[in-house]
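Numbering (my numbering), first residue to last: 794 to 936.
Backbone N, C-alpha and C fix where the C-beta goes; we use that ideal spot for every residue, glycine too.
Take a look at the structure below.
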């Protein structure tokens with residue numbers, strides 16, 4: 794929408810290169826692997842070159858190689874854009890984030906770099922810090 798002529802062609806070339814879609818450019822979306830479908834969705838979100846990109850569980854359902862590629866892409870894009878993403882997978886935070894905010898029941902309970910948050914755990918593990926500051930009554934309720 795809103796892109797015409799050379800501006801459109803230039804934007805498409807930019808996101809195809811950024812998302813490494815050259816090898817699948819002519820394929821129908823339903824023939825692509827889940828990893829390439831994720832990249833295609835990212836390309837679609839990036840076509841208008843937004844300053845802020847919001848992603849929800851960007852590596853959900855991907856194999857380890859695809860996760861690595863998406864994390865790398867997020868880190869690369871993060872050099873020039875604000876990228877906000879939600880995840881329940883804490884290894885994503887360590888692999889792709891420069892800052893993490895932990896929200897528990899609608900309230901911010903921690904805010905810092907992944908390294909700062911890990912340092913606040915006795916074990917030095919982000920997962921242990923997360924578990925120490927979030928409530929787990931939902932587990933008890935489910936049992």
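Residue 874 and residue 887 have their C-alpha atoms some 18 Å from each other. For residue 879, the uninterrupted beta strand (DSSP E) run begins and ends at 875-879, by DSSP. Fewer than three beta-carbon pairs drawn from the region 894-913 and the region 850-869 are found closer than 8 Å, and the two stretches are therefore not classed as touching. One Cα belongs to residue 916, the other to residue 809, and the distance between them is close to 42 Å. In the DSSP annotation of this structure, the continuous segment of the alpha helix (DSSP H) that includes residue 871 starts and ends at 857-871. Restricting attention to beta strand (DSSP E) runs no shorter than 3 residues, the region 892-930 encloses them at 893-897, 900-905, ordered along the chain. Our two residues, residue 846 and residue 839, have alpha carbons roughly 8 Å apart in a direct line.
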